[in-house]
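Protein chains in written order, with the numbering used here: chain H, 160 to 415; chain C, 584 to 972.
All C-beta atoms, glycine included, are put in the ideal place defined by N, C-alpha and C.
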Amino acid sequence: MIIQGRAISSGRAEGELVVLNEDFSFLGGVDVSTGDLRVAEGNISGKIFAFRRGKGSTVGSYTIFDLKSKGLAPIGVVNQTAETIVTTGAVISDIPLVDGIDIDVLRTGDVLSMDGDAGTIELPRLGLREVVTGIVTRGDEALFLRRSDKEHHFPRKWGGVSGRIEEGESPEEAAKRELMEETSMEAELVRKGEPFLVRGDDLMWRVHPVLFSGDAEPTLNWEHCDHRWIKPSDITTLDTVPRMDEVLMRLGLIRP
Amino acid sequence: MNLSAAEQRILDGEEGEGARKALELVIALGKIYGAEDLVPITSAHLSGVSYKTIGDGGITYLEHVSKESRVRVPSTLNPSGMDSVRWREMGVSEEFAAKQLHIIGLYGSMGVETSCSCTPYLAGNIPNKGDHVAWAESSALSMVNSMVGARTNREGGPGALAAAIVGRTANYGLHLTVNRAPTVVIEAEIDDDLFSHSLLGQAVGSRIGNGIPYFRGIQPDWEEAKIMAAAMAASGAVAMFHVEDHTPEASEHSIEGLEVIRLTNDDLRDAQESLSTVDDVELIAFGCPHLSRREVKEMATYLKDKEKRTDVPIWFCTSREVRDSLPAEVAILERFGTVLADTCMVVTPVEGMYSRTASDSAKACNYLPTLCSQKVHCDSFQRLMEVVL
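Shown next as structure tokens:
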């Protein structure tokens, strides 16, 4: 699958990922004689290095150049948010840099190719599945469903109405269809939230949040075993599927 | 990014590989901050001079860049790790000195003016109101934004060098009028002396981060403004300030509805206490930012008929121009300490010489603990001199 980010430093790279899901300073953060990270396990030489954002001393730009001149630099950098220090180091060292990528969906060991001119990264071994998560609100409460243990992904976890978007379907249509299949409810479409990625072991879900309002009671099919109407902010009390809070945030039901 | 035909030619490599790489960096930095185009600059001021801060990685980079590049606009350098002439007296090692002189030589070979000072706006590199420039050195860029009305963002060392090489920088942030408006009003009821402005800068920077303060109640001269600007950029990330009825752009923006913070001498005392971690010191250092001609003259007048009674070393840091132009005053200061040019207490390897340093500069007192492993004592020139008189 291909993820579109922002092109910052040009060039292409293909290789194995080292992921550090935090801010990183090249000055002090890496051993310049080996390429070993000092703040975590791993060695970034010859790898594509993904971390959230650069921090620390501006000398970090020169550290990157130093690594490059010793043949110990990463071959590409992926950031959530690029800043001056790492951008400078990447450009002067001819290392491609793409930002605007959610580091949460990347894992150390992933094989990745990146294009610093198009601003894209590609995970060739990972399939992409487009899915919807529908939330129905009634007054100040929202409907949450517990997945049955017959479900392959996330059995017994709490979530919304969910399912794959079929060929030719819009996210809204898919959510409406799933709502009917899973709860026999009809509800009024309110809005769609911005989609986001959720990482699985061997595939990626692109989750499209959809908001409904309705007042009927759900009649559950085999996919779910329980339901609850609770305040969206009480979602923390339930054991949910990954990133449920993100769905609620993108629908404007809870604050960041 | 919208590029002019001339810029596209540079990017296509028609003006050499050095210019192409430099423009690539200017564009990449602009992209991060959403710049839509580039703007021509009239001057640059470069940080990343001291061997202590840039290290061997920095030397490798400068060796590489200097092979294929020259600056297109007048460019000056920030303080280096030592006085280029008197480094032996300072206790700087032969190895450090050799590398430091090599760095300065590399900048010189690119056409950069090699007297190293953090106050280039006092002599040698003086922009006009409305000029776009690419300046690093947080205190100097704040001074030209605020007291001159020139326009620069907080450039880093390599970014400012790249801008100097192509004569352009990315057009975003403080290059745009809309981003130069004040974000908070500071009502200062403080004593009208230099040290109070140093502490005021400390108090404001730590409260407002990277905002743009609009001051009422002060009318700082250049000396007071520079020590205040330096402190605000060190305790916060303030790159510009306005002073009512005083700085050139103060009347160009509305301050309606802005938060008002009132600061008094009590707040300054708190700021001073937060900086000081020790009482007895091994070194007293003045000149962060570099002492102006007027400051050197005033210090000489104050010290002329006095005698030093203890052997605590004193550094007076200034620019080469000031030291060379005031031999009589420098001779007086030399009875009390060393008048250093090209360098300062923060970028020289002071940690190998002393462990407890005093200064009247809040900026120096912010950086001495982290960059130089010093315990610090922050107080005014007169009170620090009383210790040795």
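Minimum C-alpha distance to residue i - residue among the options
i	options	result
Ser667/C	Lys946/C, Thr940/C, Ala924/C, Gly742/C	Ala924/C
Glu720/C	Pro765/C, Thr884/C, Leu660/C, Ala764/C	Leu660/C
Arg171/H	Ser228/H, Arg358/H, Val320/H, Ala249/H	Ala249/H
Asp274/H	Lys316/H, Ser372/H, Arg165/H	Arg165/H
Gly935/C	Ala588/C, Arg592/C, Met673/C	Met673/C
Asp360/H	Leu226/H, Leu370/H, Leu282/H	Leu282/H
Thr926/C	Met665/C, Leu645/C, Leu621/C, Ser626/C	Met665/C
Ala747/C	Asn711/C, Leu909/C, Asn728/C, Ala627/C	Ala627/C
Leu348/H	Gly373/H, Leu285/H, Leu287/H, Ser272/H	Gly373/H
Asp258/H	Asn180/H, Thr279/H, Arg266/H	Thr279/H
Val654/C	Ser587/C, Val632/C, Tyr690/C	Tyr690/C
Ala232/H	His386/H, Leu196/H, Glu331/H, Trp381/H	Leu196/H
Ala947/C	Val929/C, Leu594/C, Glu839/C, Arg845/C	Val929/C
Ile624/C	Arg592/C, Ala611/C, Ala743/C	Ala743/C
Ser942/C	Arg737/C, Arg845/C, Glu696/C, Asp862/C	Asp862/C
Ser204/H	Val178/H, Glu340/H, Val218/H, Leu285/H	Val178/H
Ala822/C	Lys889/C, Tyr644/C, Met726/C	Met726/C
Asp962/C	Leu851/C, Pro872/C, Ser837/C, Thr893/C	Leu851/C
Pro910/C	Ala945/C, Asp714/C, Val879/C, Asp776/C	Val879/C
Thr193/H	Ala375/H, Thr222/H, Leu410/H, Ile394/H	Thr222/H
His825/C	Asn736/C, Arg763/C, Val843/C	Arg763/C
Leu379/H	Val245/H, Ser321/H, Gly174/H, Gln163/H	Ser321/H
Tyr950/C	Gly792/C, Gly596/C, Ala745/C, Gly819/C	Gly819/C
Thr217/H	Asp775/C, Pro741/C, Leu782/C	Pro741/C
Leu430/H	Glu405/H, Glu328/H, Gly318/H	Because chain H spans 160 through 415 in this model, residue 430/H falls outside it and cannot be assessed.
Min CB distance residue i to chain H below 8 Å
i	result
Ala747/C	no
Asp639/C	yes
Gly740/C	yes
Thr643/C	yes
Neighbouring residues, chain C, relative to residue i (Cβ below 8 Å)
i	result
Glu242/H	Ile615
Beta carbon proximity, residue i to chain C, threshold 8 Å
i	result
Ser192/H	no
Phe208/H	no
Asp276/H	no
Ser204/H	no
Asp225/H	yes
Ser228/H	yes
Listed by chain order, chain H residues near residue i by CB distance under 7 Å
i	result
Ala611/C	Ile167, Ser168, Thr246, Val250
Leu608/C	Thr247, Val250, Ile251
Chain-ordered chain H contacts of residue i [CB-CB under 9 Å]
i	result
Thr636/C	Ser216, Thr217, Val218
Chain-ordered chain C contacts of residue i [CB-CB under 9 Å]
i	result
Thr222/H	Gly638, Gly640
Please list the segments of the beta strand (DSSP E) lying wholly inside the stretch 813 to 851 of chain C, counting only runs of 3 or more residues, in order along the chain. Secondary structure within the stretch 813 to 851 of chain C: the beta strand (DSSP E) runs of 3 or more consecutive residues, fully enclosed, are 842 to 847 (chain order).
Using a Cβ distance threshold of 8 Å, determine whether the stretch 858 to 870 of chain C contacts the stretch 963 to 972 of chain C, with at least three qualifying pairs required. Note that the stretch 858 to 870 of chain C touches the stretch 963 to 972 of chain C; at least 3 beta-carbon pairs, one per stretch, sit closer than 8 Å.
In chain order, which continuous runs of the beta strand (DSSP E) of length 3 or greater are located wholly inside the stretch 911 to 959 of chain C? Annotation note: the stretch 911 to 959 of chain C contains the following uninterrupted beta strand (DSSP E) runs of length 3 or greater, listed N- to C-terminal: 921 to 924, 939 to 942.
Which complete beta strand (DSSP E) runs does the stretch 188 to 218 of chain H hold, if anything under 3 residues is left out? The qualifying runs are 207 to 210.
Residue ranges of each beta strand (DSSP E) within the stretch 266 to 302 of chain H, 3 or longer: You should have 270 to 274, 279 to 281, 286 to 297.
Cβ contact (3+ pairs, closer than 8 Å) linking the stretch 304 to 314 of chain H and the stretch 197 to 214 of chain H: The answer is no - the stretch 197 to 214 of chain H does not touch the stretch 304 to 314 of chain H, with fewer than three Cβ pairs under 8 Å.
Are three or more beta carbon pairs between the stretch 804 to 811 of chain C and the stretch 832 to 845 of chain C nearer than 8 Å? Between the stretch 804 to 811 of chain C and the stretch 832 to 845 of chain C there are fewer than three inter-stretch CB-CB distances shorter than 8 Å, so the stretches are not counted as touching.
With a cut-off of 8 Å, do at least 3 Cβ pairs link the stretch 774 to 793 of chain C to the stretch 902 to 920 of chain C? In short, these stretches do not touch, since the Cβ pair count stays below three.
Indicate whether the contact test is met: 3 or more Cβ pairs, each with one atom in the stretch 754 to 767 of chain C and one in the stretch 612 to 629 of chain C, closer than 8 Å. Verdict: yes, contact present.
Taking only runs of the beta strand (DSSP E) that begin and end inside the stretch 749 to 807 of chain C, which ones reach a length of at least 3 residues, in chain order? Within the stretch 749 to 807 of chain C, the runs of beta strand (DSSP E) that reach at least 3 residues and sit entirely inside it are, in chain order, 751 to 753, 767 to 772, 796 to 799.
Are three or more beta carbon pairs between the stretch 704 to 717 of chain C and the stretch 761 to 771 of chain C nearer than 8 Å? The answer is no - the stretch 761 to 771 of chain C does not touch the stretch 704 to 717 of chain C, with fewer than three Cβ pairs under 8 Å.
In chain order, each alpha helix (DSSP H) run of at least 4 residues that lies wholly inside the stretch 710 to 751 of chain C: The qualifying runs are 721 to 726, 740 to 749.
For the pair the stretch 362 to 371 of chain H and the stretch 338 to 353 of chain H, tell me if three or more CB-CB distances fall below 8 Å. Enough Cβ pairs lie closer than 8 Å, so yes.
Any contact between the stretch 386 to 399 of chain H and the stretch 291 to 306 of chain H? By contact I mean 3 or more CB pairs, one from each, below 8 Å. Yes, the stretch 386 to 399 of chain H touches the stretch 291 to 306 of chain H.
Spell out a yes or no on whether the stretch 185 to 201 of chain H and the stretch 286 to 297 of chain H are touching, meaning 3 or more CB-CB pairs, one atom from each, closer than 8 Å. They do not touch, by the three-pair rule.
Let me know the beta strand (DSSP E) ranges lying completely inside the stretch 628 to 699 of chain C, each 3 residues or longer, listed in chain order. For the stretch 628 to 699 of chain C, whole beta strand (DSSP E) runs of length 3 or above, ordered along the chain, are 658 to 660, 696 to 699.
Can at least three beta-carbon pairs, one atom from the stretch 175 to 195 of chain H and one from the stretch 212 to 231 of chain H, be found at a separation below 8 Å? Contact between the stretch 175 to 195 of chain H and the stretch 212 to 231 of chain H is present: 3 or more CB-CB pairs across the two stretches fall below 8 Å.
Just checking, does the stretch 678 to 689 of chain C make contact with the stretch 876 to 894 of chain C on the three C-beta pairs under 8 Å criterion? Three or more beta-carbon pairs separated by less than 8 Å are not found between the stretch 678 to 689 of chain C and the stretch 876 to 894 of chain C, which leaves the two stretches without contact.
The stretch 707 to 719 of chain C touching the stretch 627 to 636 of chain C, judged by at least three CB pairs closer than 8 Å: Contact between the stretch 707 to 719 of chain C and the stretch 627 to 636 of chain C is present, because at least three Cβ pairs lie under 8 Å.
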